[in-house]
Amino acid sequence: MSIYDIKVKKSDGQEYELNEYKGKPMLIVNTATKCGLSGQFDGLEKIYNEYKEEGLVVLGFPSNQFKQELGNAEEAEQACRMSYGVTFPMHEMTKLNGKEAHPLFQHLTSNSKGILSKNIKWNFTKFLVDKNGNIIKRYAPTDSPESIKSDIAKVVAE
297 MSIYDIKVKK SDGQEYELNE YKGKPMLIVN TATKCGLSGQ FDGLEKIYNE YKEEGLVVLG
357 FPSNQFKQEL GNAEEAEQAC RMSYGVTFPM HEMTKLNGKE AHPLFQHLTS NSKGILSKNI
417 KWNFTKFLVD KNGNIIKRYA PTDSPESIKS DIAKVVAE
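Numbering of the sequence shown is given in our numbering, commencing with residue 297 and proceeding in unit increments.
Structure below.
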């Protein structure tokens, strides 16, 4: 199975396949607006604005798996847009781990290495995917968007 075969839903419930981004690098992030790391929205938005003309897509997937998100996807998206000026695509509330994990996060975690376990440990785990749908690297929640900028620049330039 390719990442491009996976269907996701935007915060408004509109479903689409990730093949919409075929040929574009993606930075996929599980988010939470009430998390202590939510300041990363600013860095994610800066990276998105810096590289979107070159094809980069940042995809935010709010999750309440760690009990730090608002009630639903639309509230989470509104908070991201109002508080952090986020313009990149936000999606439905997403399960990250366990039997009910969304197929996207099952794919991402089974095809990348986490420290000690494949499970996502916290909000703002980031996955960099190249233009061919290959997972290049998984980043820890504490890795700031600015700290991974050189990797993003390489993937965008390929």
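Beta carbons: idealized from backbone N, C-alpha and C, even for Gly.
The continuous beta strand (DSSP E) containing P358 extends over residues 353-358. The residues L314, H403, V425, G429, in chain order, have a CB closer than 7 Å to that of I299 in the same chain once the five nearest residues on each side in sequence are set aside.
Around the CB of G356, 16 or more other CB atoms lie within 10 Å, so the residue is classed as buried.
Inter-residue distance for G394 and N360 is about 13 Å (C-alpha atoms, whole angstroms).
Taking K320 as the centre and dropping the five residues before and after it, the same chain places the C-beta of G351, L352, V353, K427 closer than 8 Å to its C-beta, in chain order. Here DSSP, grouped into helix, strand and coil, assigns N326 to strand.
Bounds of the alpha helix (DSSP H) holding Y347 are 336-347.
In the three-state reduction of the DSSP assignment, F423 falls in the strand class.
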